[in-house]
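Contents: one structure, followed by commentary.
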Ligand SMILES: [Zn+2]
């Protein structure tokens, strides 16, 4: 493959180069340094070979989210802590960021799943999302309904599949950098420190691809990507 730089964003915002194995869920591939935007005339010149990001996305079987051109303003804004989309909204790089954000926030057409954003405070019963219609053959990766009962989070996917995940299992499955080593995937969280009666206190939407969750131990940095939730084994199997 040509000389280019590809960044892979995990759900935790981890940034790693293309050939590293990551143990965080991968939302997609963004190719950066994809052409140089001349600050004087705005012409984009492709200094490196193009198309590497798409090839890697295909290899990893994840979405290709877009290309961000090489632009000195990106560096300036990063150093100053200013959002590029605000500082230089008309730049090709800002347009690329907007397009990538729109791709991640896509609502999925007719069977859109529950409306986002939502933020549900479970104890107070405030902000619980209304169920969305399900359809046979509907998209399995869209969340149609959420509920909470008997120490578990109940999830219904848009194809009608139901899932029941215990609050403690969810806490133990946290993939955040405090709970899980990003490189090895090894669990850093000691299960013995997680109370048996730990409670889920809040659940909120993260785009249309993940849920954020807060627990009664005060932990709230985990992002639960739908695919990872679906890979979790429901506790009803153990209850039988
Ligand atoms: Zn965590």
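Residue numbers (the numbering used here): 1 to 240.
We put the CB at the ideal spot given by N, CA and C, even for glycine.
- Whole-number beta carbon distance between residue 162 and residue 139, since they are thought to touch under 8 Å: Their Cβ separation, rounded to whole angstroms, is 15 Å, which puts residue 139 and residue 162 out of contact at 8 Å.
- Task: Could you pull out every residue in the same chain whose Cβ sits closer than 6 Å to the Cβ of residue 134, ignoring the five residues on either side in sequence?
- Result: 144, 158 and 160
- Query: Name the DSSP bridge partner or partners of residue 137?
  - Reply: For residue 137, which the question treats as bridged, DSSP gives no partner whatsoever.
- Task: Please confirm whether residue 198 and residue 220 have their CB atoms less than 8 Å apart.
- Result: no
- Message: Suppose contacts are defined by Cβ-Cβ distances below 8 Å. Is residue 153 in contact with residue 232 by that definition?
- Response: no
- Task: Determine the burial state of residue 45: buried for a count of at least 16 other Cβ atoms within 10 Å of its Cβ, exposed for fewer.
- Result: exposed
- Task: Please confirm whether any heavy atom of ligand 2 lies closer than 7 Å to the CB of residue 221.
- Result: Looking for ligand 2 in the displayed structure turns up nothing; the ligands present are ligand 1.
- residue 147 - partner residues in DSSP beta bridges: 154
- Opening and closing residue of the alpha helix (DSSP H) in which residue 189 lies: Segment: none, residue 189 is in no alpha helix (DSSP H) and carries neither H nor E.
- To which residues of the same chain is residue 173 closer than 7 Å at the C-beta, ignoring the five residues directly before and after it? 232
- Item | Environment of residue 43 [buried if 16+ CB atoms lie within 10 Å] | exposed
- Message: I'd like to confirm something about residue 50: is its beta-carbon nearer than 7 Å to some heavy atom of ligand 1, or not?
- Response: no
- Would you decide whether residue 38 is buried or exposed? Buried here means 16 or more other CB atoms lie within 10 Å of its CB. exposed
- Task: Check the C-beta distance from residue 94 over to residue 88 and give it rounded, since I have them as a contact under 8 Å.
- Result: 6 Å
- Does ligand 1 have a heavy atom nearer than 7 Å to the CB of residue 178? yes
- Could you check if residue 80 is buried or exposed, using at least 16 other CB atoms within 10 Å of its CB as the buried criterion? exposed
- Query: Taking just the CA atoms, how far does residue 208 sit from residue 62?
  - Reply: 16 Å
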